[in-house]
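**Student:** This is the structure I have questions about; it appears just below.
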């Protein structure tokens with residue numbers, strides 16, 4: 132063959148385990164050919180360089196032969212060559228150890244606990260989990276070439292007719308955004324809830340006809356009737372509960388952000404890989420009709436080639452922000468990971484990466500202008516996607532009410548798309564024909580479409596890509612903007 136479809140070629144040379152995963156990678160903007168972002172139907176020919184983005188680096192492969200039929204591991208070296216540059220591997224190495232090595236001045240020598248953590252973090256086993264896994268179909272394949280598999284999905288499906296959820300946490304988000312959906316969608320039911328406040332858990336369960344309640348997370352995880360766990364607690368406990376559940380063989384669905392740091396996200400992914408138990412993260416806006424319409428307008432070329440993206444968000448302080456004796460957890464960095472930026476910006480950043488692909492570079496400035504709490508309240512950032520597209524963002528959480536704003540602008544060479552992330556104002560499409568407003572209704576329980584996708588994945592009906600790997604990149608971007616890494 133002189134040419135081959137890119138999704139078929141990547142599957143054929145064993146870069147991806149399935150064509151479906153290869154096509155999804157193209158759809159999410161993770162694949163480029165000779166530097167240009169590629170859709171699944173794009174053709175490749177010998178000599179082309181295929182780039183595959185797996186955070187935090189980009190791998191490069193040279194096409195030696197254009198094939199669409201999968202070959203054995205020992206033949207891969209004849210079909211493609213790994214030409215990933217050394218600087219990318221250096222970036223990968225730096226990302227693995229940065230959190231433990233960069234100790235602040237004056238903190239003294241690492242403690243024994245720090246040293247144990249560093250040793251664990253830098254062992255070859257961890258490197259393998261962080262990096263690509265090996266893909267061998269035949270027992271004797273390991274005598275031949277080591278073959279890289281990218282974005283391998285865990286194949287843990289529930290051999291049951293229903294997913295029986297246990298909730299860890301029963302706060303406001305479970306009451307209105309997510310909780311009712313778990314009980315309404317096909318193939319799902321809630322069988323237990325947990326809160327450290329036992330009375331709260333008992334009341335929540337009674338009001339919603341949930342049969343069991345606990346005040347201890349381990350007891351809920353150990354419940355034989357629970358076969359999947361929803362983690363709806365503040366971010367500081369996400370990693371602990373997720374790891375507990377996955378080690379017990381129970382898939383997890385975690386509220387965003389995935390964890391308080393990029394490195395904690397990597398820990399969660401490591402356990403998911405080791406146990407083969409899937410992890411999903413509640414970036415539910417990807418599945419809402421409102422944002423899918425924005426994505427379709429971009430993909431259809433409604434505004435031509437996209438050349439710039441701008442995020443603007445401003446809101447006044449909330450009443451609780453003035454209570455220094457009882458500040459909300461969302462402005463306590465040790466619990467939330469940061470201030471309101473860490474609570475709200477993840478949705479914006481995740482959506483942009485869903486539409487335009489991975490962000491490769493990000494930086495920013497942060498400040499506390501209001502003095503109401505210790506966390507940052509004003510942030511400016513710039514970022515660049517792997518296709519070269521650049522963008523910027525500004526966030527202020529102590530603005531006057533007259534400056535209130537929730538707006539993202541996607542600027543093209545033939546128009547502009549404006550939309551909101553939290554208020555769902557009608558999408559504004561600006562073209563040479565004028566301004567068109569497009570109102571889109573979302574479901575009553577906004578997490579329902581994503582939860583249905585997660586349940587279908589666990590039942591083996593489809594693949595949900597809103598997983599820990601994609602969520603980790605959002606944490607990486609936020610940590611880069613805030614100067615954590």
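In our numbering, the protein residues as written are 132 to 616.
Glycine included, C-beta positions come from ideal geometry on N, C-alpha and C.
Check the Cβ-Cβ distances between residue 549 and every residue of chain C, and say whether any is below 9 Å.
**Tutor:** Of the protein chains in the structure, only one exists, and it is not chain C.
**Student:** Quick check on DSSP: helix, strand or coil for residue 572?
**Tutor:** Numbered from 1 along the chain shown, position 441 holds the residue referred to as residue 572. In this structure, residue 572 counts as coil in the three-state DSSP scheme.
**Student:** Let me know the secondary structure DSSP gives residue 404 once reduced to three states.
**Tutor:** Counting from 1 along the chain shown, the entry for residue 404 is found at position 273. Three-state DSSP puts residue 404 in a helix.
**Student:** So if DSSP puts residue 540 in a beta bridge, which residue, or which two residues, is it bridged to?
**Tutor:** As a working mapping, residue 540 is identified with position 409 in the chain shown. BP columns for residue 540 point to 441, 549.
**Student:** Using the Cβ count rule (16 or more neighbours within 10 Å means buried), how would you classify residue 444?
**Tutor:** Along the chain shown, read from residue 1 onward, the residue named residue 444 stands at position 313. Residue 444 is classed as buried because its beta carbon has at least 16 other beta carbons within 10 Å across all chains shown.
**Student:** Per DSSP, residue 562 forms a beta bridge with which residues?
**Tutor:** Sequence index remark: in the chain shown, residue 562 carries index 431 (1-based). Its beta-bridge partners are 565.
**Student:** Is it buried or exposed, residue 526, if we count other Cβ atoms within 10 angstroms and call 16 or more buried?
**Tutor:** For the purposes of this step, residue 526 is identified with residue 395 of the chain shown, where counting begins at 1. It is buried - the Cβ of residue 526 has at least 16 other Cβ atoms within 10 Å.
**Student:** In three-state terms, what does DSSP make of residue 506?
**Tutor:** Indexing the chain shown from 1 puts residue 506 at position 375. Here residue 506 sits in coil by DSSP.
**Student:** Measuring only the C-alpha atoms, how far is residue 211 from residue 164?
**Tutor:** The sequence position of residue 211 within the chain shown is 80, counting from 1. The sequence position of residue 164 within the chain shown is 33, counting from 1. Approximately 14 Å between the Cα atoms of the pair.
**Student:** Who pairs with residue 515 in a beta bridge, going by DSSP?
**Tutor:** Walking along the chain shown from the start, residue 515 turns up at place 384. For residue 515, which the question treats as bridged, DSSP gives the partners 492, 521.
**Student:** Can you list, in chain order, the residues of its chain whose CB lies under 7 Å from that of residue 476, leaving out five sequence neighbours each side?
**Tutor:** Indexing the chain shown from 1 puts residue 476 at position 345. 526, 609.
**Student:** Should residue 347 go down as buried or exposed, given a rule of 16 or more other Cβ atoms within 10 Å for buried?
**Tutor:** For this step, residue 347 is matched to residue 216 along the chain shown. The residue is exposed, with fewer than 16 neighbouring Cβ atoms inside 10 Å.
**Student:** Is the beta carbon of residue 183 closer than 9 Å to that of residue 161?
**Tutor:** By one-based count along the chain shown, residue 161 stands at place 30. By one-based count along the chain shown, residue 183 stands at place 52. The answer is yes: Cβ separation under 9 Å.
**Student:** Restricting to runs no shorter than 3 residues, where is the beta strand (DSSP E) found entirely within the region 411-480?
**Tutor:** Runs of the beta strand (DSSP E) inside the region 411-480: 437-445.
**Student:** Along the chain, where does the alpha helix (DSSP H) containing residue 150 start, and where does it finish?
**Tutor:** Locating residue 150 in the chain shown gives position 19, counting from the first residue. Note, residue 150: alpha helix (DSSP H), 150-158.
**Student:** Could you compute how far the alpha carbon of residue 450 sits from the alpha carbon of residue 396?
**Tutor:** Against the chain shown, residue 450 aligns to sequence position 319. Against the chain shown, residue 396 aligns to sequence position 265. A direct Cα-Cα distance of roughly 32 Å separates residue 450 from residue 396.
**Student:** Secondary structure at residue 307, three-state DSSP: helix, strand or coil?
**Tutor:** Here the question's residue 307 lines up with position 176 in the chain shown. Helix, per DSSP.
**Student:** Report, in whole angstroms, the separation of the C-beta atoms of residue 366 and residue 388, which I expect to be a contact under 8 Å.
**Tutor:** Position 235 of the chain shown holds residue 366. Position 257 of the chain shown holds residue 388. Confirmed, Cβ separation roughly 6 Å.
**Student:** Kindly indicate which three-state DSSP category residue 617 falls into: helix, strand or coil?
**Tutor:** No answer is possible for residue 617: the residues shown for the chain start at 132 and end at 616.
**Student:** Here's the rule: buried if 16 or more other CB atoms are within 10 angstroms of the residue's CB, otherwise exposed. What is residue 570?
**Tutor:** Residue 570 sits at position 439 when you count from the first residue of the chain shown. Around the beta carbon of residue 570, fewer than 16 other beta carbons lie within 10 angstroms, which makes this residue exposed.
**Student:** For residue 298 versus residue 376, is the C-beta distance shorter than 9 Å?
**Tutor:** For the purposes of this step, residue 298 is identified with residue 167 of the chain shown, where counting begins at 1. For the purposes of this step, residue 376 is identified with residue 245 of the chain shown, where counting begins at 1. It is not a contact, given that the beta carbons lie outside the stated cut-off.
**Student:** Spatial neighbours of residue 544 within its chain, please: C-beta separation below 7 Å, excluding the five flanking residues on both sides.
**Tutor:** By 1-based counting over the chain shown, the position of residue 544 is 413. Cβ within range, chain order: 435, 436, 438.
**Student:** Between residue 576 and residue 312, which are expected to be in contact by the criterion C-beta below 8 Å, what is the C-beta distance as a whole number of angstroms?
**Tutor:** On the chain shown, residue 576 is found 445 positions in, with the first residue counted as 1. On the chain shown, residue 312 is found 181 positions in, with the first residue counted as 1. Correct: roughly 4 Å between the Cβ atoms.
**Student:** Look at the alpha carbon of residue 585 and the alpha carbon of residue 308, and state the distance between them as a whole number of angstroms.
**Tutor:** Along the chain shown, read from residue 1 onward, the residue named residue 585 stands at position 454. Along the chain shown, read from residue 1 onward, the residue named residue 308 stands at position 177. C-alpha separation (whole angstroms): 16 Å.
**Student:** Where does residue 580 land, buried or exposed, given buried means 16+ other C-beta within 10 angstroms?
**Tutor:** By 1-based counting over the chain shown, the position of residue 580 is 449. Per the 10 Å Cβ criterion, buried.
**Student:** Is it buried or exposed for residue 380, if we count other Cβ within 10 angstroms and need 16 for buried?
**Tutor:** As a working mapping, residue 380 is identified with position 249 in the chain shown. Residue 380 is exposed by the Cβ-count criterion.
**Student:** Please check the pair residue 296 and residue 361, which I expect to be a contact at CB under 8 Å, by giving their CB distance rounded to whole angstroms.
**Tutor:** By 1-based counting over the chain shown, the position of residue 296 is 165. By 1-based counting over the chain shown, the position of residue 361 is 230. Their Cβ separation, rounded to whole angstroms, is 5 Å, which keeps residue 296 and residue 361 in contact under 8 Å.
**Student:** Check whether the region 532-549 and the region 560-567 touch, using three or more Cβ-Cβ pairs below 8 Å as the test.
**Tutor:** yes
**Student:** Checking 9 Å against the spacing of the C-beta atoms, do residue 595 and residue 422 come in under that value?
**Tutor:** What you label residue 595 is simply residue 464 of the chain shown in a count that begins at 1. What you label residue 422 is simply residue 291 of the chain shown in a count that begins at 1. In this structure, residue 422 does not lie closer than 9 Å to residue 595 by Cβ.
**Student:** Would you kindly report the start and end of the unbroken alpha helix (DSSP H) that includes residue 578?
**Tutor:** Mapped onto the chain shown, residue 578 falls at position 447. Segment: none, residue 578 is in no alpha helix (DSSP H) and carries neither H nor E.
**Student:** In the DSSP assignment, the alpha helix (DSSP H) including residue 601 goes from what residue to what residue?
**Tutor:** Within the chain shown, residue 601 is the residue found at index 470, counting from 1. That run of the alpha helix (DSSP H) goes 599-612.
**Student:** Could you give the C-beta distance for residue 605 and residue 480, rounded to a whole number, given that I count them as a contact under 8 Å?
**Tutor:** Here residue 605 refers to the residue found at position 474 of the chain shown. Here residue 480 refers to the residue found at position 349 of the chain shown. Between residue 480 and residue 605 the Cβ distance is about 5 Å, and since that is below 8 Å, they are a contact.
**Student:** Consult DSSP for residue 274 and reduce its assignment to one of helix, strand or coil.
**Tutor:** Residue mapping note: residue 274 aligns to position 143 of the chain shown, counting from 1. Summary for residue 274: the model assigns pLDDT 28, below 50, so the residue's position carries little reliability; its value from the coordinates is reported in the next sentence. Of the three classes helix, strand and coil, the one that applies to residue 274 here is helix, per DSSP.
**Student:** Between 330, 189, 170, which lies nearest to residue 430 when the distance is taken from Cα to Cα?
**Tutor:** Sequence index remark: in the chain shown, residue 430 carries index 299 (1-based). Of the candidates 330, 189, 170, the one whose C-alpha sits nearest the C-alpha of residue 430 is 170.
**Student:** State the Cα-Cα distance for the pair residue 472 and residue 542, rounded to the nearest angstrom.
**Tutor:** Sequence index remark: in the chain shown, residue 472 carries index 341 (1-based). Sequence index remark: in the chain shown, residue 542 carries index 411 (1-based). Distance between the alpha carbons of residue 472 and residue 542 is about 24 Å.
**Student:** Which same chain residues, not among the five before or five after residue 327, have their C-beta less than 7 Å away from its C-beta?
**Tutor:** As a first step, residue 327 is located in the chain shown; it is residue number 196 there, counting from the start. If you ignore the 5 residues before and after residue 327, its C-beta comes within less than 7 Å of the C-beta of 346, all in its own chain and listed in chain order.
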